[in-house]
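So the structure is just underneath, and the comments pick up after that.
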DNA sequence: ATAGGGTTAG
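In my numbering, the protein residues as written are 1 to 798.
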């Protein structure tokens with residue numbers, strides 16, 4: 001060996017020592033300097049050079065410079081046989097990601113014929129669970145079996161943890177059962193696995209009880225089990241664990257304290273939650289604050305939530321920071337309170353702090369705008385978001401639907417699918433009401449199919465939405481089938497089904513169902529009575545309605561709200577019992593609002609009770625008429641008795657006060673295509689000539705059977721013959737004529753109208769059903785009208 | 001450990 005080589009070898013040793021010290025002190029800059037020096041020399045020819053590369057790799061791993069580490073690692077001339085080095089690189093990727101790299105490295109290592117050891121597996125399995133890479137994990141499990149490493153407690157615990165985190169609880173359990181010795185970590189893995197998995201909450205709690213025969217739980221056990229206890233709303237277990245933590249001194253741990261606080265919040269024990277919050281003193285961090293604000297939200301204490309948030313803002317300078325989670329929670333408060341101005345302030349803050357780009361914060365902002373009724377801003381924000389997921393789409397869809405724009409909701413639903421996003425349960429829960437609103441049966445039943453395929457029909461909420469959709473699309477029998485087959489009926493299921501019978505005018509079934517419900521031991525709630533009384537009202541069951549209104553308070557302890565009073569006024573006045581209505585309103589403990597008076601005014605209009613109608617109208621004017629409907633009712637009433645000037649006057653006042661009459665609009669679905677007719681005299685439909693001929697032809701037959709146009713429904717003072725013609729072009733008649741023309745004679749006709757069906761149309765359709773011998777159904781703003789053989793099942797109580 | 005979208009009546 002020459003002198004030169006000897007010298008170089010000794011510098012090489014120096015380098016090794018230097019690098020080791022860099023690794024110890026994680027001194028990246030010094031290490032990089034040595035790296036550069038090495039690159040300039042020709043040491044690579046020396047056989048010990050591998051060791052240096054290994055040290056360099058170690059250094060970069062230690063300093064978290066994984067890209068460089070991997071680069072250096074690949075430069076090592078002969079693949080290192082050193083398992084330790086492979087392990088350290090795999091470990092680094094398993095901790096910091098990208099996790100795919102860890103798995104790739106594992107396979108690369110095996111490919112080079114290097115045998116992984118007991119340290120390799122926990123790392124690579126951790127990467128698999130982070131990626132939910134079940135198939136890769138299973139393959140690795142086979143490798144473990146081949147190497148007979150299953151008996152190693154660390155390796156098998158890692159397997160349990162991997163399967164548990166991937167939601168493969170059966171596999172996790174199998175490995176767990178075969179372990180002859182289980183340490184606390186293995187138990188914890190099983191418990192947190194059950195905890196994460198929906199519906200296995202009680203299993204998690206059962207394991208906690210069982211483990212205590214074997215090992216003593218530590219604070220990680222508690223942290224793992226608490227989400228399960230919170231989800232299960234199990235106050236009893238929460239209290240037990242609380243006591244356990246006090247005895248074992250776990251309470252000094254913020255994570256434990258915050259977890260227990262969260263349990264109490266989710267169990268609606270706001271006082272306990274607050275007491276823990278106060279007790280935690282200085283160990284609180286921003287998560288604790290966020291959890292406390294969230295607890296107030298869950299318990300519906302919005303003002304307290306806001307107050308605490310303001311308090312947090314004051315503390316911000318003391319090192320407590322505002323997190324994305326807190327911001328999202330407070331935005332939900334704004335949404336619930338429809339506090340738009342505060343919501344906008346927080347939007348500004350989100351922009352300044354950079355939290356807007358957080359997807360959850362963005363989705364909450366989106367939903368805040370939607371819930372405040374500002375769909376334009378919600379949509380603008382949606383378009384500006386740099387990433388969107390299924391939740392963003394669901395939020396914008398529900399925004400449109402809840403603000404009455406179902407068409408746009410449906411459009412976004414289709415757009416969601418064309419952008420490759422799969423609708424989720426919540427999306428379906430928003431789109432079904434849209435189908436119901438539009439009476440879009442085809443879209444509705446397609447959604448039903450999709451829900452079945454995705455397994456959503458096991459969910460009560462989805463079934464409830466389905467019942468409502470079928471009922472509002474005219475398929476009461478199908479609605480009942482869904483109701484009968486529902487896995488677990490809740491109060492909403494019953495209320496929805498009762499309403500379904502109500503809007504179809506089948507009051508007797510509604511009342512029967514109500515009996516049935518009580519027989520099953522379910523307690524009706526305030527909504528049930530709104531549904532029930534309005535069902536009675538639509539079918540003229542006055543006595544039953546009155547009976548249950550009284551029983552509601554006496555037997556069920558429910559204090560009537562304005563809605564209940566409005567229902568009762570509707571029930572009595574539809575039946576023409578004006579004296580009784582008068583007494584009823586006199587005795588009301590609440591000041592009647594516009595809805596109550598509106599119900600009465602509608603009845604005045606039907607019974608042509610002008611004197612009372614005028615009085616009621618004055619009251620409505622004093623309260624501020626809220627909707628155009630009340631003007632229309634009054635004006636219709638005047639024209640019904642020929643007081644054209646008064647009718648015109650009302651319409652002028654209406655315009656002056658800025659109330660626009662939304663045009664009457666009817667639509668019919670024919671082979672999946674929706675045909676819409678707007679206002680009195682839509683001239684746009686391509687088949688208009690045929691439709692108009694059909695109507696003229698029908699008119700002749702109808703007149704022969706005794707029909708004469710009820711000209712009082714024309715609000716203009718024009719010649720009778722002309723009125724007949726105006727009436728003939730009402731949107732619902734046009735839609736029905738198209739139905740007669742396009743659908744085969746044995747098929748029922750379903751037409752939907754946005755407003756209440758006009759009085760003349762109601763009479764005319766009875767005659768049409770007689771002349772054509774067809775079943776005609778019209779769904780108007782308040783209910784279904786089934787016309788058959790010249791009779792409507794609403795009993796003219798429309 | 002905390003955080004986003006959801007069914008019924010009026």
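A virtual CB, placed ideally from N, CA and C, is assigned to each residue, including glycine.
- Assigned with DSSP and collapsed to three states, residue 779 falls in strand.
- For residue 673, the pairing in a beta bridge is given by DSSP as 670.
- The three-state reading of DSSP puts residue 752 in strand, counting E and B together.
- Nearest neighbour of residue 71 by Cα position, chosen from 335, 33, 56, turns out to be 56.
- With fewer than 16 other CB atoms across the displayed protein chains lying within 10 angstroms of its CB, residue 81 is exposed.
- Cα atoms of residue 117 and residue 20: separation of roughly 24 angstroms, rounded to the nearest angstrom.
- Distance from residue 540 to residue 779 at the Cβ level is roughly 19 angstroms; contact not present, criterion being Cβ atoms closer than 8 angstroms.
- DSSP places residue 446 in the helix class (H, G or I) of the three-state scheme.
- Residue 620 is positioned such that its CB atom lies no closer than 7 angstroms to that of residue 567.
- Put simply, of 503, 591, 603, 498 the residue whose alpha carbon is nearest the alpha carbon of residue 515 is 498.
- One thing to note: residue 115 has its Cβ no nearer than 7 angstroms to the Cβ of residue 87.
- Excluding sequence positions up to five before and after residue 337, its CB lies within less than 7 angstroms of the CB of 302, all in the same chain and listed in chain order.
- Residue 749 holds the alpha-carbon nearest to the alpha-carbon of residue 785 among 749, 206, 437, 773.
- When only Cα atoms are considered, residue 419 and residue 451 end up about 19 angstroms apart.
- Nearest to residue 459 by alpha-carbon distance, out of 437, 426, 477, is 426.
- Note that the region 642-650 does not touch the region 669-689; fewer than 3 beta-carbon pairs, one per stretch, sit closer than 8 angstroms.
- In summary, residue 180 is exposed, with fewer than 16 beta-carbon neighbours lying within 10 Å of its beta-carbon over all protein chains present.
- The alpha carbon of residue 405 has as its nearest neighbour, out of 705, 211, 376, the alpha carbon of 376.
- In this structure residue 654 is buried. Its beta-carbon is surrounded by 16 or more other beta-carbon atoms within 10 angstroms.
- According to DSSP, residue pairing for residue 792 in a beta bridge involves 787.
- Taken atom to atom, the span from the alpha-carbon of residue 192 to that of residue 33 is near 45 angstroms.
- 7 angstroms or more divides the Cβ of residue 545 from the Cβ of residue 577.
- Around the CB of residue 663, fewer than 16 other CB atoms lie within 10 Å, so the residue is classed as exposed.
- As for any alpha helix (DSSP H) of minimum length 4 sitting wholly inside the region 445-480, the runs are 460-472, ordered along the chain.
- For residue 762, the closest alpha carbon among the candidates 725, 709, 738, 165 is that of 709.
- Residue 299 sits in coil when the DSSP states are folded into three classes, being neither helix nor strand.
- In its chain, beyond the 5 residues on either side, 156, 159, 160, 163 have a beta carbon closer than 7 angstroms to the beta carbon of residue 175.
- Between residue 616 and residue 590, the beta carbon gap of about 17 angstroms keeps them out of contact (Cβ cut-off 8 angstroms).
- Boundaries of the alpha helix (DSSP H) harbouring residue 704: 688-704, taken from the DSSP string.
- In terms of CA proximity to residue 395, 412 leads the group 412, 259, 742, 29.
- Going by DSSP, residue 736 is part of the alpha helix (DSSP H) stretching over 731-742.
- Around the CB of residue 279, fewer than 16 other CB atoms lie within 10 Å, so the residue is classed as exposed.
- Nearest Cα to residue 506 within the set 792, 69, 269: 792.
- In the DSSP assignment, residue 678 forms a beta bridge with 665.
- If you draw a 10 Å sphere on the C-beta of residue 14, you find fewer than 16 other C-beta atoms in it, and that means exposed.
- Rounded to the nearest whole angstrom, the C-alpha separation of residue 232 and residue 329 is 21 angstroms.
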